[in-house]
Amino acid sequence: MTFEELMETQAMRRFIVILIAMGGIVAAVGLVLKLLSIEGASNLMIVGFSTLAVSTLFLNVLFPYKVKDDNMAFNMEMEPIWNFSMRITGMSLTTLLIGVLFRLMHWPSAKTLLLIGAVALGASGLAWIYYLIQRNHF
């Protein structure tokens with residue numbers, strides 16, 4: 265079984281979703297501890313936000329979902345637009361998560377990461393709207 269086939273299995277998708285949930289919980293606990301000025305909060309935030317960023321990268325950028333629509337016939341011409349929008353969304357969310365981590369930890373270049381992530385998220389929104397218009401969902 266190749267790595268791509270492994271990533272498309274339901275068990276691996278479930279594992280990545282559980283990893284995202286655990287990363288979110290760890291990041292939230294780290295944020296609460298940081299607000300309370302308790303030791304170890306920075307380490308929890310770094311682990312939590314890094315886990316969220318890497319799992320988002322894996323889920324959206326490297327192996328995006330295949331287009332499945334039961335109501336309409338699958339249009340092979342739309343798959344590149346779908347893949348582009350999923351990859352841009354994944355990269356922008358990853359950049360935003362790392363930017364939030366940099367901002368909370370007062371590290372340099374936080375504003376740049378947040379700006380790049382926001383602009384890329386806007387571009388992915390435009391790609392999603394174009395995809396939905398072409399699929400006649402509007």
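Letter by letter, the sequence shown follows residues 265 to 402 in the working numbering.
C-beta: ideal position from N, C-alpha, C; glycine also.
Within a Cβ cutoff of 7 Å, which residues of the same chain sit near residue i, ignoring the five residues on either side of it in sequence?
i    : result
Q387 : The sequence shown places Ala at residue 387, not Gln. Contacts found: I352.
G389 : none
V293 : L308
Going by other Cβ atoms of all chains shown within 10 Å of its Cβ, with 16 needed for buried, is residue i buried or exposed?
i    : result
T315 : buried
A275 : exposed
Among residues of its own chain, excluding the 5 on either side of residue i, which ones have a beta-carbon nearer than 6 Å to its beta-carbon?
i    : result
E272 : none
L357 : T320
Identify whether residue i lies in helix, strand or coil by the three-state DSSP scheme.
i    : result
M355 : helix
E303 : coil
N400 : coil
W371 : coil
M350 : helix
Which residue's Cα is closest to the Cα of residue i: the options?
i    : options                : result
T359 : L396, L295, S319       : S319
L377 : I362, T266, G312, L385 : I362
F267 : F322, E343, L299       : F322
L368 : S306, L385, A285       : S306
A374 : F366, G381, I380       : F366
N280 : P372, V311, N324       : In the sequence under discussion, the amino acid at residue 280 is Ile, which differs from the Asn named in the question. Among P372, V311, N324, the Cα nearest to that of I280 belongs to N324.
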